[in-house]
Every structure is written in structure tokens, then in C-alpha cells.
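Each remark here refers to the structure printed beneath this line.
Numbering (UniProt numbering), first residue to last: 1 to 584.
What follows is the structure in C-alpha cells.
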């Protein structure tokens, strides 16, 4: 894997990318071999027409029956055209049968690995980098499979077979055709080192552009609130222009590269005609043979040009494959074979310190112990470290210092799958999955029946509005269904918690998106969902904190107060000031 700038996900080197392509292709070797055989038949069919014209020239120039040869030439060219067309059709079909499943395999692998990325690693890379790989890069490879690969293989077969045809006519004509090879090689040598790095940089620029777009869309409300819309638009425009600039640079190179190709074609054709003239003058070959040789070499113009210019697309596809392989090649999370079982639901945070960037800690030596069934609310001003501490407690963020234990067992020893059975996290940004309401809830427990689903929904006060939907539990929601409000989406998330029944729950401002009208109902739903469980609530509303057994006040990453609501109000400290401001 190569180093990646600004913490983006790794980009595979050429060896790792080739290994991925080879291992994927081997699973579909039968269809690939059939496609290759079809391409070879098509390549042979292309040799017929120039050679037939050569025979026709010799027949006209000689004493033979020109009319009979003409009929044979027409029939041969027609048969070759039909065979070549059928071969091309078969090649396309077999290539699709091999390529589409292979592409589906790649898409599933990169998506699976992306979904299993650690939250910390994902945030470091940025959502835009991940999205560009599972969308832009996969789309680039898909288009290449349909458009570039067939053209590339067809052109390569045509070049090889046509060059063989030249040598079959006369080895000296073949060598004359090869005179163009150094000119082509010099052009490619000039072009590839200049264009390759630009394509790799273009893919990075596209990821940064996607990151700017995603950040702007997700943070639109905040940007409008602070009047920063234009600044974000300027950032998007700047990142977009960076990506466009790379594309323009490649086009400039392509234009200069095309001139070099034309010069190479001129050198080769002049060499073939000059050598042919000398050979005909010495009666070493016939005029028909030289005619066929000239036609063969002229027929090489398009395949060689296609090969050279397809390097442009091949490099672009290679850059995308390297980014896909970089994600697939990331080590999969190691799940312990027999994880230890926590003794109880006691959650212990010991000496927790964390810094997203070196030298800028957001938490300082936080110690916190939650007894089984205890509800603790984290409060503090924006930037105090509440969400970071909640994420660490939930096990989705590994602290820079310190450790988190559940029932005496470090979270790192549980493994991700076992951890999620014991600790559930509900954030304020809840995604509504496309599907029925039933499917949205049973994500937490696939074997739950309708009675279990109803009980969970009733617990979080969602059963009433669910039954009012057109098809009840069978109503489709999400992107292709009935749109849900923020409060309704959170109620489904809380219903999943009830259904999963974990001993520990972390609510990260889970009622923040409810709005004033639905806040109270959602707070009651959150209390019901956490009943009997050890719970940490990152409190957006101090009414949530008031209902907690204990309140922990954070300021600049440190615990400055802890106690019940009444105790802290009576103490007249930081929490009392926050409560006074909230009450007012």
C-alpha cells in the first residue's frame, strides 16, 4: 500500500492491484477464455479483406480470370465480415458474463470493507473519500468493462494478427512496418510518465471534491446559521476546479500525443511503400502483395491509435482499481474466537484522554464508573468533549489514553460483534433504511416476530403513528417510501434498542432533532428505552439531565462537577449556571 495524503484511505500499489484483478478474474475464467477465443476469431477475420484485395490486384495485373477472382474476393470478404461480426457479438456477451459478476464481487467487497471501517478511521479519511471510492471509482471500472476492455482487447488482437500477416507476405515488408515501432514507443514513453501521476492526483481531487460537497450538504443548517454558505460554496468551487484542472492538463497532453502518433503512422507507411517499391522492382514480391501490405499497415492505424489512446482510459481505470484495492486490502477486523463475558453491566472509564490531533487534547484524565442500571447524563457547553466521551464509552472510538471496561472486561477484548451485543449507541443522526417499518425495527433482531416489534414500538410511544400509516408495519419508509420526521426516525432507532436488549446504552443527543413539539415525547421514549439499563446520555436538553440518576459536567475536556440535579443546583457551580440559563 502506498502512503496517502491527509489521512485518506490507502491506495494499493501496482502489485496489489494486479493481484486483486487476477484473483477476481480466476473465479470467472471459463467465460473469459470464451471471450478471448471469440476475439481471436474476430482478429483472423480482419486479415481476409486486405489479402483478398492483394489477390485481386495480382489477378488484374496478370493473365488470369479477373472476373472469377473478383467473385471469390467478394464472397471471402462477405463471409469474413459475417464471421467477424458474430465473433464480436460472442466476445461482448462472454465478456459481460465474466465482467459483470466480477464487478459485482468487487463492489460487494469494497462496500463490505467500508462498512466495517472503524469510526475513527472513517472520520480521519472523510466521508467524501469513502463515497468517491464506492461510487465514482466503481462506476469508472464499470464503464471501462463495457467500453474500454472490449476495444482494448480487440485492438491488441488486430495489431498482433496484422503484424503477423505482414511478415507472412514477406519478412522484409514486416520489418518495414516495424520501423514505426520506435516512433510509437517514444511517443508512449513521453506520454505515460506525464499522464499517470495526473490521473492518480485527479482521483484524490475528486475525493476532496466529494468531501466538500458532503460536508456542505450535511452542515447546511449550521452554515446558514453562521452565514458561511458562500465560504462553503467557494470551497466546493475550488475543489471542483482542482479536479477539472487535472482533466484539462490530460487533454493538453493528449493533443500533443496525437501529433506524435500521426508522425509515427507516416514513418511506417512510407517505410512499407518504399521497401515494397524496391521489392517489386526486383521481382521479389508482387504488386498485390505490396498492396496487401500497405492495406495491412493502414489497417493498423486505428488499432494502434486505439491502444495508445486507450492507455488514457486504462490509466484512469487503473487509478480507480488501485483505490478500490486499497480499501479491500485493508486488514479485516479480527474477532476473538471466544471473547470473555462481562460479569455485569458496570461501565468503567479509567484515565480517559483523547486527542484527534497531536497536541490538541479534547479529554483529560476522565474517570467515571456507572453502576448497573444507573443513568448518567453528560452536560457541558459545545466543545466540552461530551460526544467524544460518549463515543469512547460506546466503543466506537479508541481513546488516546486510558481504557474502558464493561463488567471488568476491556472493550478491546470483546471484539466488535460481541461489543454491539452489550453496548448500543443512538446518535442524533439516524439513517432511515429503505424498507418496511418492520424491517427497520428488526434490523436489531432478525428473529423478532410482530408481537415483539409491536411491544418495542409501544415502549417508545411509536405504535400509534405506525398504525396510522397506510400499511402499518408493512409501510415502506426511507428513500423510496413514506418520509419520516426526525422524531419518528429516532423512535425507530430507540425501538431497535428495546428489541436488541443490550445491558448498556449510549444516547448521543438522541432527542436533538425532535424539535420543540416532539422533544417531550422523545425524551419519554428515551427514558423507556433505557429503563433498567446502564445508560449514558449526552444531554442536548437539560430536562434529560434532570431525569438522570447522576449528572457529570464537562468543561474543556475535564470533569468539573458530578452529582444529582438537586445537588448540583444547590452547589451553585457550573451546572447551576447552565440550568439557570436553560430555565430562563
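Note that beta-carbon positions come from the ideal geometry of N, C-alpha and C, so glycine has one too. From a predicted model like this one, the values you see are computed outputs, not experimental measurements.
Does the Cβ of residue i have 16 or more other Cβ atoms within 10 Å, making it buried, or fewer, making it exposed?
i, result
"residue 261", "buried"
"residue 470", "exposed"
"residue 411", "buried"
"residue 480", "exposed"
"residue 217", "exposed"
"residue 209", "buried"
"residue 383", "exposed"
"residue 94", "buried"
"residue 116", "exposed"
"residue 359", "exposed"
"residue 139", "exposed"
"residue 418", "buried"
"residue 79", "exposed"
"residue 222", "exposed"
"residue 182", "exposed"
"residue 329", "buried"
"residue 60", "exposed"
"residue 408", "exposed"
"residue 467", "exposed"
Identify whether residue i lies in helix, strand or coil by the three-state DSSP scheme.
i, result
"residue 353", "strand"
"residue 295", "helix"
"residue 218", "helix"
"residue 565", "helix"
"residue 364", "strand"
"residue 101", "helix"
"residue 403", "strand"
"residue 481", "coil"
"residue 585", "Absent from the structure is residue 585, since the part of the chain shown begins at 1 and ends at 584."
"residue 375", "strand"
"residue 550", "strand"
"residue 573", "coil"
"residue 209", "helix"
"residue 555", "strand"
"residue 415", "coil"
"residue 134", "helix"
"residue 303", "helix"
"residue 476", "strand"
"residue 460", "coil"
"residue 347", "strand"
"residue 9", "coil"
"residue 370", "strand"
In terms of residues, what are the limits of the alpha helix (DSSP H) holding residue i?
i, result
"residue 23", "14–26"
"residue 509", "Residue 509 -> no alpha helix (DSSP H), and no H or E assigned at all."
"residue 423", "Element bounds for residue 423: not the alpha helix (DSSP H) but the beta strand (DSSP E), 423–427."
"residue 392", "386–394"
"residue 167", "149–169"
"residue 448", "It is not in any alpha helix (DSSP H) - residue 448 carries neither H nor E in the DSSP assignment."
"residue 337", "Here residue 337 belongs to no alpha helix (DSSP H), and DSSP marks it neither H nor E."
"residue 541", "Note, residue 541: premise wrong, no alpha helix (DSSP H); not H, not E."
Considering only C-alpha positions, which residue in the set the options is nearest to residue i?
i, options, result
"residue 585", "350, 171, 195 and 351", "With the chain covering only 1 through 584, there is no way to say anything about residue 585."
"residue 241", "225, 219, 206 and 91", "206"
"residue 83", "46, 109 and 29", "46"
"residue 14", "318, 81 and 473", "318"
"residue 204", "429, 189 and 137", "137"
"residue 519", "296, 541 and 278", "541"
"residue 549", "565, 556 and 85", "565"
"residue 198", "278, 117, 245 and 139", "245"
"residue 190", "372, 375 and 255", "255"
"residue 272", "180, 250, 133 and 104", "180"
"residue 473", "337, 294, 504 and 435", "435"
"residue 302", "265, 313 and 324", "265"
"residue 53", "507, 41 and 290", "290"
"residue 135", "106, 71 and 157", "106"
"residue 73", "292, 251, 238 and 443", "292"
"residue 342", "440, 414, 308 and 51", "414"
Which two residues bound the contiguous beta strand (DSSP E) that contains residue i?
i, result
"residue 142", "Looking at the DSSP string, residue 142 is not in any beta strand (DSSP E); the run it does join, the alpha helix (DSSP H), is 138–143."
"residue 442", "Taken as a continuous stretch (DSSP letters only), residue 442 belongs to no beta strand (DSSP E), being part of the alpha helix (DSSP H) at 437–442."
"residue 538", "534–538"
Should residue i be flagged as near chain D, meaning a C-beta pair shorter than 8 Å?
i, result
"residue 49", "Checking the listed chains, one finds no chain D in this structure; it contains a single protein chain."
Contact between the stretch 345–359 and the stretch 402–415 (3+ Cβ pairs under 8 Å): By the Cβ test, the stretch 345–359 is in contact with the stretch 402–415, since at least three Cβ pairs between them sit closer than 8 Å.
Cβ contact (3+ pairs, closer than 8 Å) linking the stretch 521–537 and the stretch 455–462: The stretch 455–462 and the stretch 521–537 touch, with three or more beta-carbon pairs separated by less than 8 Å.
Contact between the stretch 279–293 and the stretch 173–181 (3+ Cβ pairs under 8 Å): Touching, yes, given that three or more Cβ pairs across the two stretches are closer than 8 Å.
Touch test, the stretch 91–107 against the stretch 142–153, Cβ-Cβ under 8 Å, three pairs minimum: In short, these stretches touch, since the Cβ pair count reaches three.
Inter-stretch contact at 8 Å, needing at least 3 Cβ pairs: the stretch 424–442 / the stretch 357–371: Too few Cβ pairs lie closer than 8 Å, so no.
Cβ contact check for the stretch 554–573 and the stretch 375–390: 3 or more pairs under 8 Å: Short answer: they touch.
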